[in-house]
Amino acid sequence: MTTSGRGAAVVTGAAGGLGRAIAAALHADGWRVLLTDVDADAVAAAAAPLGGWSRALDVRDEAACTAVAAEAAGAPDGLGLWVNNAGILATGPAWTHDADTRRRLVEVNTLGAMNGTHAALTVLRAQGRGHVLNVVSLAGLIAAPGETVYAASKHALLAYSLGTLADLRMAGVRGVHVSCLCPDGIWTPMLHDKLDDPGALASFTGALLTPERVAARAVRLARRPRPVVSLPRWRGAQVRLLDAFPRLALALTPVVRATGRAGQRRQARRTRPDASPPRL
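Residue numbers for the sequence shown follow my numbering, so the first one is 239 and each next one is one higher.
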């Protein structure tokens, strides 16, 4: 049952992975959740145990985002929370991505979140209350080698989110919040096929998180908005320090490579229990 006064929560990219975990955690916390995803059948299946409220949504479609926001606004107590979670990842040196790949990363990760934020704010500003929570990633705080275009799209989202929050305050809007959640690598389908990918090393350099842990932090952030939250907190401090000293970050590239490869091997042992080294 939705907690009185909260309104509805919209989660994009909610058919699986982190989005589905966030939707489930919000539902358990008392929100009435509208799950959205580009895959209509998959998101309907994900929504079934959470009340069955779902819509197909390609976040690149601004008009579709506006329609979803309007639908959520019609729920009891209106729209309370919009979570921009939908995102895609492409790995490898920046010069290996063709124009279509670069464009799609920016269109989904950056412009898609902008579309969702704009649609939500149209409702939230009129209400005078509400919250937009953007799932950014630690890659939004530092240029992650091997994930350069992805990181660029997330850097842009971080800047857009913080700038929009400042715009709201300058306009005298105090009851509407914008938060950025910047988690470390998460063990979701986005990384399941990256255990042997040298381009994904950066995602395995820290503590690989579960979707449930990140979703729990998203729920806490929904309750108590903050401009930027990293998970784990120490990783946010670490990457911000490296970002402040780019020459040091570049000098540590071999360490990043070795640490990431070790992380991939460690995760492979956890997820492939039947795999064993060949006998000589």
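Beta carbons: idealized from backbone N, C-alpha and C, even for Gly.
Buried or exposed: residue 445, going by 16 or more other Cβ atoms within 10 Å of its Cβ? exposed
Is the segment 288-301 touching the segment 345-360 in the sense that three or more CB pairs, one from each, lie closer than 8 Å? yes
From 287, 281, 375, 248, pick the residue whose C-alpha is nearest to that of residue 303; which is it? 248
Is DSSP giving residue 274 helix, strand or coil here? strand
DSSP beta-bridge partners for residue 368? 414
Enumerate in chain order the residues of its own chain whose CB-to-CB distance from residue 515 is below 7 Å, with the five nearest sequence positions on each side excluded. The predicted model places residue 515 with a pLDDT of 42, which falls under 50 and marks its position as unreliable, so this point remains unresolved.
Neighbourhood of residue 354 by C-beta, 7 Å cutoff - its chain only, sequence neighbours within 5 removed: 250, 297, 303, 320, 322
With a 10 Å radius around its C-beta and 16 neighbouring C-beta atoms as the bar for buried, classify residue 443 as buried or exposed. buried
C-beta contact flag for residue 210 and residue 419 at 9 Å: The structure shown does not extend to residue 210, since the chain spans only 239 to 518, so no value can be given for it.
Distance between residue 261 and residue 457 (C-alpha atoms, nearest Å): 9 Å
How would you call residue 279, buried or exposed, if buried means at least 16 neighbouring beta carbons within 10 angstroms? exposed
Does the segment 463-482 touch the segment 269-283, meaning 3 or more C-beta pairs lie closer than 8 Å? no
Comparing C-alpha positions only, which one of 396, 387, 384, 293 sits nearest to residue 378? 396
8 Å contact criterion, which residue 441 and residue 416 should meet: CB distance rounded: At roughly 25 Å, the Cβ-Cβ gap does not stay under 8 Å, so residue 441 and residue 416 are not in contact.
To the nearest angstrom, how far is it from the Cα of residue 475 to the Cα of residue 380? 11 Å
Mind pulling the beta strand (DSSP E) runs of 3 or more residues that sit fully within the segment 368-453? 368-373, 414-421
Run the CB neighbour count on residue 422, radius 10 Å, all protein chains shown included, and call it buried at 16 or more, exposed below. buried
Roughly how many angstroms separate the alpha carbons of residue 240 and residue 268, rounded to a whole number? Since pLDDT at residue 240 reaches only 40, below the 50 mark, its modelled position is unreliable, and the value read off the structure follows with that caveat. The alpha-carbon atoms of residue 240 and residue 268 are separated by roughly 5 Å.
Check whether the Cβ atoms of residue 495 and residue 436 sit closer than 9 Å, and answer yes or no. yes
Reducing DSSP to helix, strand and coil, say where residue 322 ends up. strand
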